[in-house]
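Q: Questions regarding the structure given below will be posed in turn.
Protein chains: 2
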Amino acid sequence: MERLNGQLKIGAIVFPQMDQMDFTGPFEVLSRLPDSKFHVLWKRRDPVTDVHGLIITPDTSFAESPQLDVLVVPGGQGQELLMKDNDVLQFIQEQARGARYVFSVCTGALLCGAAGLLRGVKATTHWSAFHLLGYFGAIPRNRRVVADGQHVSSSGVTAGIDGALLIASFLRGERVAKQIQLAMEYAPEPPFNSGTPTTASPEIVEAARSAMQEITSRRHATARRVAFEMGFSRF
Amino acid sequence: MERLNGQLKIGAIVFPQMDQMDFTGPFEVLSRLPDSKFHVLWKRRDPVTDVHGLIITPDTSFAESPQLDVLVVPGGQGQELLMKDNDVLQFIQEQARGARYVFSVCTGALLCGAAGLLRGVKATTHWSAFHLLGYFGAIPRNRRVVADGQHVSSSGVTAGIDGALLIASFLRGERVAKQIQLAMEYAPEPPFNSGTPTTASPEIVEAARSAMQEITSRRHATARRVAFEMGFSRF
Chain A
19 MERLNGQLKI GAIVFPQMDQ MDFTGPFEVL SRLPDSKFHV LWKRRDPVTD
69 VHGLIITPDT SFAESPQLDV LVVPGGQGQE LLMKDNDVLQ FIQEQARGAR
119 YVFSVCTGAL LCGAAGLLRG VKATTHWSAF HLLGYFGAIP RNRRVVADGQ
169 HVSSSGVTAG IDGALLIASF LRGERVAKQI QLAMEYAPEP PFNSGTPTTA
219 SPEIVEAARS AMQEITSRRH ATARRVAFEM GFSRF
Chain B
19 MERLNGQLKI GAIVFPQMDQ MDFTGPFEVL SRLPDSKFHV LWKRRDPVTD
69 VHGLIITPDT SFAESPQLDV LVVPGGQGQE LLMKDNDVLQ FIQEQARGAR
119 YVFSVCTGAL LCGAAGLLRG VKATTHWSAF HLLGYFGAIP RNRRVVADGQ
169 HVSSSGVTAG IDGALLIASF LRGERVAKQI QLAMEYAPEP PFNSGTPTTA
219 SPEIVEAARS AMQEITSRRH ATARRVAFEM GFSRF
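Residue numbers (this note's numbering), protein chains in the order written: chain A, 19 to 253; chain B, 19 to 253.
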């Protein structure tokens, strides 16, 4: 396993209508890394409100951000509003040039795709958006966490915890990652077996798909536009 | 399973030096309940900073809070600073009189204990504080989630997700809870098996205990004081 010496600079983008746990899961893991500094990033230091109403305040503006070792890109409904946002896409592109890892959580993968980071890269995302990965040139991998060179991606929401523990081990070794896991008492026992479309009952999958239909359609239209602009002619 | 009709009022206390995931885990689950309102509570509406630096802004002061159906009490290092805080202990006591559930996450159980809610109640907490439950009159149960009448408790940090899914099923039925689980893609795959003191290696447990030694000693001294004040003579 690779280890970095010296203080690690880690950052996560937060934004309006994000899904807070896409960010707070990785924050919980990576903010515990020894000799590291975690930056909570947005265009400005103004508070943002997540899709269910949680108010989170960034501590570093894009302009103030140092080159990061790890950039975390969360998702959630608000991701769709940023798919044409040049401030955000350029920030991701610029950080990606020097970062050791770019870590997309949930539909944060679509933002990384719009920034051009997923061409020829194995990646995953939230199950409801998985069929869109190809539009960005990604090689879809239906797994909870996918690591392909610089890019690490996790599937939906809570998968950011698993991905962040893997990245913690890449950065500081397994021993440190395991100690963080113990401190977080991360030995999950979901009371139901309904966490993926293959284990949930068909009626529950249908209800969840139906509740997400509008945002999924909008994401699909955006993915087609990006594919066209990137010159992926098969779409 | 019991179900409640009408809008649910759910709230969580946030406070300085808390562990943010003790709160953001349950928030992610319970804020998705249909026909519900989630209140992020503190003495005032001023932002609080969690133990690793995340800035969270409450949306409701204690004085503004309605009677809640569910009160979530998180933990983390900052919990110890509140063990003599009458504003906080009284708020918990008053809400507990009318709430359907009080849900302690991690060392939030010690706060509930100081508020007198755990006398004769089966409960759990973070593994590093588990030996302190008896001082508050609780009946310690070494499980990830414990439900005993009004009181639901979870073990450390990430266990709040599991406990919140159970409470979601109590409130709105298993079908709703399972749909929330699917939307959060909660099918965890921890990359290591190091989430509890029984599965982690002895050297990792020792390192984690050692890192928490100071806060554990302070919690122990406080637990003795509370036991004395409550008249539990066996301590």
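Glycine included, each C-beta is placed from N, C-alpha and C at the ideal position.
Within 7 Å of any Cβ in chain A, is that where the Cβ of T125 of chain B sits?
A: In the second sequence, counting from the first residue as 1, residue 125 of chain B sits at position 107. No, no contact with chain A.
Q: Work out the CA separation of G167 of chain B and L184 of chain B for me, nearest whole Å.
A: Translated into positions along the second sequence, residue 184 of chain B becomes position 166. Translated into positions along the second sequence, residue 167 of chain B becomes position 149. Cα to Cα, the separation comes out at about 13 Å.
Q: Does the beta carbon of D40 of chain B come closer than 7 Å to any beta carbon on chain A?
A: For the purposes of this step, residue 40 of chain B is identified with residue 22 of the second sequence, where counting begins at 1. No, no contact with chain A.
Q: Below 8 Å on C-beta distance, what does I31 of chain B contact in chain A?
A: Along the second sequence, read from residue 1 onward, the residue named residue 31 of chain B stands at position 13. Here the premise fails: no neighbours, minimum Cβ distance about 14 Å.
Q: For the candidate residues A:D105, A:S54 and A:A239, whose alpha-carbon lies nearest to that of S79 of chain A?
A: Numbered from its first residue, the first sequence carries residue 79 of chain A at position 61. When each option's Cα is compared against that of S79 of chain A, the closest is A:D105.
Q: Hey, would you say P84 of chain A sits closer than 7 Å to K27 of chain A, going by beta carbons?
A: Looking up residue 84 of chain A in the first sequence gives position 66. Looking up residue 27 of chain A in the first sequence gives position 9. Yes; because the gap between Cβ atoms is below 7 Å, this pair is in contact.
Q: Taking 7 Å as the limit between beta carbons, can you name the residues of its chain near S171 of chain A, skipping five residues before and five after?
A: As a position in the first sequence, residue 171 of chain A is number 153, starting the count at 1. Here the set comprises S122, A127, A141, T142, T143 and V164.
Q: 7 Å is my cut-off, CB to CB: does V244 of chain B come that close to chain A?
A: Here the question's residue 244 of chain B lines up with position 226 in the second sequence. For V244 of chain B, the answer is no, since every Cβ of chain A falls outside 7 Å of its Cβ.
Q: So, is the C-beta of H238 of chain A closer than 7 Å to a C-beta in chain B?
A: Residue mapping note: residue 238 of chain A aligns to position 220 of the first sequence, counting from 1. It does not; no Cβ of chain B falls within 7 Å.
Q: According to DSSP, simplified to helix, strand and coil, what is F80 of chain A?
A: Residue 80 of chain A sits at position 62 when you count from the first residue of the first sequence. Reduced to three states, the DSSP call for F80 of chain A is coil.
Q: May I ask you to list, following chain order, the residues of the stretch 197 to 214 of chain B that have a beta carbon less than 7 Å from some beta carbon of chain A?
A: Q197, Q199, L200, A201, M202, E203, Y204, A205, P206, E207, P208, P209, F210, S212, G213 and T214
Q: So, helix, strand or coil for A245 of chain B, using DSSP?
A: Position 227 of the second sequence, counted from the first residue, corresponds to residue 245 of chain B. Of the three classes helix, strand and coil, the one that applies to A245 of chain B here is helix, per DSSP.
Q: Given that a residue counts as buried once 16 or more other Cβ atoms are within 10 Å of its Cβ, and exposed if not, what is F210 of chain A?
A: The residue you call residue 210 of chain A lines up with position 192 of the first sequence. By the C-beta density criterion, F210 of chain A is buried, having at least 16 other C-beta atoms within 10 angstroms.
Q: Looking only at its own chain, which residues have a Cβ that is under 6 Å from the Cβ of R159 of chain A, when we skip the five neighbours before and after it?
A: The sequence position of residue 159 of chain A within the first sequence is 141, counting from 1. Same-chain partners within the cutoff: K140 and T142.
Q: Which residues in chain B sit within 7 Å of A226 of chain A, going by Cβ to Cβ distance?
A: As a working mapping, residue 226 of chain A is identified with position 208 in the first sequence. Ordered by position in chain B, the residues that pass the 7 Å Cβ test against A226 of chain A are Q197, L200 and A201.
Q: Could you name the residues of the same chain whose beta carbon sits closer than 8 Å to that of W60 of chain A, not counting the 5 residues immediately before and after it, in chain order?
A: Residue numbering aside, residue 60 of chain A sits at position 42 when the first sequence is read from its first letter. Contacts found: I31, V32, F33, V66, P76, S79 and F80.
Q: Using a Cβ-Cβ cut-off of less than 8 Å, give me the residues of the stretch 135 to 163 of chain B that come near chain A, in sequence order.
A: H144, W145, R162 and V163
Q: At which residues does the alpha helix (DSSP H) containing S228 of chain B begin and terminate?
A: Mapped onto the second sequence, residue 228 of chain B falls at position 210. It spans P220 to A229 - the alpha helix (DSSP H) in which S228 of chain B sits, taken as one unbroken run.
Q: Rounded to the nearest angstrom, how far is the Cβ of V194 of chain A from that of P52 of chain A, given a contact under 8 Å?
A: As a first step, residue 194 of chain A must be located in the first sequence, where it is residue number 176. As a first step, residue 52 of chain A must be located in the first sequence, where it is residue number 34. Indeed they touch by this definition, with Cβ atoms about 7 Å apart.
Q: Residues of chain A with CB closer than 7 Å to the CB of H169 of chain B, please, in chain order.
A: Indexing the second sequence from 1 puts residue 169 of chain B at position 151. By Cβ distance, chain A contributes nothing, its closest Cβ being about 17 Å from H169 of chain B, past 7 Å.
Q: Pick out whichever of B:M36, B:R62, B:S228 and B:L135 has its Cα sitting closest to the Cα of T125 of chain B.
A: Your numbering for residue 125 of chain B matches position 107 in the second sequence. That would be B:M36, whose Cα lies nearest to the Cα of T125 of chain B.
Q: Which residue's Cα is closest to the Cα of P220 of chain A: B:M230, B:Q197, B:I233 and B:A177?
A: As a first step, residue 220 of chain A must be located in the first sequence, where it is residue number 202. For the residues B:M230, B:Q197, B:I233 and B:A177, the minimum Cα distance to P220 of chain A belongs to B:Q197.
Q: Just the Cα atoms here: how many angstroms apart are P206 of chain A and T214 of chain A?
A: Here residue 206 of chain A corresponds to residue number 188 of the first sequence, with the count starting at 1. Here residue 214 of chain A corresponds to residue number 196 of the first sequence, with the count starting at 1. Their Cα atoms are separated by approximately 15 Å.
Q: Between M39 of chain A and the rest of its own chain, which residues show a CB-CB distance below 6 Å, the 5 nearest in sequence each way excluded?
A: If you number the first sequence from 1, residue 39 of chain A lands on position 21. V175.
Q: Give a yes or no on whether the minimum CB-CB distance between E20 of chain B and chain A is below 7 Å.
A: Taking the second sequence and counting its residues from 1, one reaches residue 20 of chain B at position 2. Since pLDDT at E20 of chain B reaches only 48, below the 50 mark, its modelled position is unreliable, and the value read off the structure follows with that caveat. No, because no Cβ of chain A sits closer than 7 Å to the Cβ of E20 of chain B.
Q: Report the partner residues of D166 of chain A according to the DSSP bridge assignment.
A: Counting from 1 along the first sequence, the entry for residue 166 of chain A is found at position 148. Note: D166 of chain A sits in a beta bridge opposite A:H169.
Q: When DSSP labels each residue in this structure, what does H57 of chain B get in the three-state scheme?
A: Taking the first residue of the second sequence as 1, we reach residue 57 of chain B at position 39. Three-state DSSP puts H57 of chain B in a strand.
Q: Under a three-way DSSP split, which group does L89 of chain B fall into?
A: Here residue 89 of chain B refers to the residue found at position 71 of the second sequence. Looking at L89 of chain B - three-state DSSP - the assignment turns out to be strand.
Q: Please classify F250 of chain A: does DSSP put it in a helix, a strand, or coil?
A: For the purposes of this step, residue 250 of chain A is taken as the residue at position 232 of the first sequence. Note: F250 of chain A maps to coil in three-state DSSP.
Q: Select from the stretch 53 to 68 of chain B all residues with a C-beta closer than 8 Å to any C-beta belonging to chain A, and list them in chain order.
A: F56, V58 and P65
Q: Along the chain, where does the alpha helix (DSSP H) that runs through A147 of chain A open and close?
A: Position 129 of the first sequence, counting from 1, holds the residue named residue 147 of chain A. From DSSP, A147 of chain A is part of no alpha helix (DSSP H); its letter is neither H nor E.
Q: Against D13 of chain A, what residues of chain B qualify as contacts under a CB-to-CB distance less than 8 Å, listed in chain order?
A: Outside the displayed span of chain A (19 to 253) sits residue 13 of chain A, for which this structure offers no information.
Q: Per DSSP, what kind of secondary structure is P158 of chain A in: helix, strand or coil?
A: Stepping through the first sequence from its first residue, residue 158 of chain A is reached at position 140. Reduced to three states, the DSSP call for P158 of chain A is strand.
Q: Taking CB distances under 7 Å as the criterion, tell me whether T234 of chain B reaches chain A.
A: One-based indexing of the second sequence puts residue 234 of chain B at position 216. No, because no Cβ of chain A sits closer than 7 Å to the Cβ of T234 of chain B.
Q: Quick check on L184 of chain A - is its C-beta less than 7 Å from some C-beta in chain B?
A: Looking up residue 184 of chain A in the first sequence gives position 166. Judged by the 7 Å Cβ criterion, L184 of chain A is in contact with chain B.
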